[in-house]
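K.L.:
In terms of full-length UniProt numbering, the sequence shown opens at residue 1 and continues consecutively.
Right, I'll just put the structure down here and ask away after.
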Amino acid sequence: MLRTEPESEYRTVTDPFRKCRLPEAETLAATGLYPYYLPVEGRPGGGEVVVGGRRVLMAGSNDYLALADDPRLKEAGAEALQRLGSGNSGSRVLNGTLALHETLERELAAFLGHEAAMVVSTGYQANLALSALFGPRDVLFADRRIHASLIDAARLGQATLRRYRHNDMTQLAGMLEAADPEAGAIVLTEGMFSVGGDLCDLPGIAKLAARHGARVVLDSAHDAGLLGAGGRGPPSTTACSRPWTCRR
Numbered sequence: 001m002l003r004t005e006p007e008s009e010y011r012t013v014t015d016p017f018r019k020c021r022l023p024e025a026e027t028l029a030a031t032g033l034y035p036y037y038l039p040v041e042g043r044p045g046g047g048e049v050v051v052g053g054r055r056v057l058m059a060g061s062n063d064y065l066a067l068a069d070d071p072r073l074k075e076a077g078a079e080a081l082q083r084l085g086s087g088n089s090g091s092r093v094l095n096g097t098l099a100l101h102e103t104l105e106r107e108l109a110a111f112l113g114h115e116a117a118m119v120v121s122t123g124y125q126a127n128l129a130l131s132a133l134f135g136p137r138d139v140l141f142a143d144r145r146i147h148a149s150l151i152d153a154a155r156l157g158q159a160t161l162r163r164y165r166h167n168d169m170t171q172l173a174g175m176l177e178a179a180d181p182e183a184g185a186i187v188l189t190e191g192m193f194s195v196g197g198d199l200c201d202l203p204g205i206a207k208l209a210a211r212h213g214a215r216v217v218l219d220s221a222h223d224a225g226l227l228g229a230g231g232r233g234p235p236s237t238t239a240c241s242r243p244w245t246c247r248r
């Protein structure tokens with residue numbers, strides 16, 4: 001006779017990590033077509049990297065100014081490594097702030113024409129930190145094509161998120177006009193949009209923000225250092241007041 005296991009007296013539940021399995025990604029990785037997390041083995045320069053023992057052209061880099069291979073930065077980095085070590089031994093807020101950090105932040109703030117600047121490790125971290133500025137009584141008016149990290153910041157800050165059509169100043173004007181006057185109003189946009197490479201209508205946004213008393217948060221990840229007067233981004237060439245809270 002076949003023996004069967006007795007039926008469990010406990011109710012089982014669905015594995016919550018089941019949704020994280022990606023058989024398609026595993027198939028692509030097995031065929032060498034998976035495009036993510038490719039280990040770079042070397043940087044010979046000239047826009048090339050070594051992957052899998054082959055020199056290939058890096059087409060997805062955001063090193064627009066080729067600073068990663070600048071010999072002056074390499075030399076300064078090596079000197080700082082010898083003088084300060086390979087780590088800060090703590091978080092910035094406790095014991096991990098270096099004099100170099102403060103010098104860089106002062107110079108960046110002066111370069112961009114702002115009161116202050118803070119250097120963080122990644123663009124996502126910078127945008128997520130914006131959640132500290134947002135609250136449940138705030139309404140964020142965001143361009144449809146803003147980066148996902150800005151949306152995450154809005155959710156983490158528990159603010160109300162309203163989206164307007166890409167660069168549609170008419171729709172944005174209507175939304176600001178209808179906004180609760182007791183709520184804080186913040187316009188979220190990118191200087192140069194990371195997906196399409198086009199620019200926001202900064203003069204139009206600044207005009208509407210000034211009219212309605214709104215703040216502007218401008219993500220300059222892809223324009224600072226490249227566009228505007230001396231690489232200071234679109235705000236440096238925009239003839240308007242500067243109502244933004246911050247730039248990333």
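Backbone N, C-alpha and C fix where the C-beta goes; we use that ideal spot for every residue, glycine too.
#1: Report the residue ranges of all beta strand (DSSP E) runs contained in full by the segment 198 to 228; include only those spanning at least 3 residues, in chain order.
#2: Would you decide whether residue 237 is buried or exposed? Buried here means 16 or more other CB atoms lie within 10 Å of its CB.
#3: If residue 191 sits next to residue 219, beta carbons under 8 Å apart, how far is it from one beta carbon to the other, in whole angstroms?
#4: Taking a contact to mean a Cβ-Cβ separation below 8 Å, would you say residue 140 touches residue 188 in this structure?
#5: Going along the chain, which unbroken runs of the alpha helix (DSSP H) with 4 or more residues stay wholly within the segment 129 to 208?
#6: Note down the Cα distance separating residue 241 from residue 142, rounded to an integer number of angstroms.
#7: Let me check understanding here. Comparing Cα to Cα, which of 116, 109 and 171 lies closest to residue 204?
#8: Confirm, please, whether the CB-CB distance from residue 173 to residue 208 is below 8 Å.
#9: Is the CB-CB distance between residue 42 and residue 58 below 8 Å?
#10: Taking its Cβ as the centre, do 16 or more other Cβ atoms sit within 10 Å of residue 70, making it buried, or is it exposed?
#11: Are the beta-carbon atoms belonging to residue 108 and residue 99 less than 8 Å from one another?
#12: Just to confirm the assignment, what range does the beta strand (DSSP E) spanning residue 57 have?
#13: Please classify residue 76 as buried or exposed, where buried requires at least 16 other C-beta atoms within 10 Å of its C-beta.
#14: Return the bridge partner residues of residue 42 from the DSSP annotation.
#15: Since I believe residue 184 is in contact with residue 145 (beta carbons under 8 Å), could you give me their beta-carbon distance rounded to a whole number of angstroms?
#16: Since residue 44 and residue 54 are thought to touch, with beta carbons under 8 Å apart, how far apart are those beta carbons, to the nearest angstrom?
#17: Just to confirm the assignment, what range does the alpha helix (DSSP H) spanning residue 235 have?
#18: For residue 28, which residues in the same chain have their Cβ closer than 6 Å to its Cβ, ignoring the five residues on either side in sequence?
#19: Should the segment 147 to 165 be regarded as contacting the segment 125 to 135, the criterion being three or more beta carbon pairs within less than 8 Å?
#20: Compare the C-beta of residue 127 against all C-beta atoms of chain E and say whether one is closer than 8 Å.
#21: Pick from 229, 228, 230 and 221: whose alpha carbon is nearest that of residue 61?
#22: Quick one: what's got a C-beta closer than 8 Å to residue 164's C-beta in the same chain, skipping five residues either side?
#23: Since residue 113 and residue 18 should fall inside the 8 Å C-beta cutoff, what is the C-beta to C-beta distance between them, to a whole number of angstroms?
#24: Assign residue 214 to one of two classes, buried (16 or more other C-beta atoms within 10 Å of its C-beta) or exposed (fewer than that).
#25: To the nearest angstrom, how far is the alpha carbon of residue 63 from that of residue 226?
#26: Grab me the residues of residue 97's own chain with a C-beta within less than 8 Å of its C-beta, minus the 5 sequence neighbours each way, in chain order.
P.N.:
Taking the geometry as given:
#1: 215 to 219
#2: exposed
#3: 7 Å
#4: yes
#5: 148 to 156 and 169 to 177
#6: Because the pLDDT at residue 241 is just 47, under 50, the model does not fix this residue reliably, and the point stays unresolved.
#7: 171
#8: yes
#9: no
#10: exposed
#11: no
#12: 54 to 57
#13: exposed
#14: 50
#15: Contact flag wrong, Cβ pair sits at about 23 Å.
#16: Between residue 54 and residue 44 the Cβ distance is about 11 Å, and since that is not below 8 Å, they are no contact.
#17: It is not in any alpha helix (DSSP H) - residue 235 carries neither H nor E in the DSSP assignment.
#18: 34
#19: yes
#20: No chain E is present in this structure, which holds just one protein chain.
#21: 221
#22: 141, 142, 143, 144, 171, 172 and 175
#23: Going by Cβ atoms, the distance from residue 113 to residue 18 rounds to 51 Å, so no, they are not a contact pair.
#24: buried
#25: 11 Å
#26: 88
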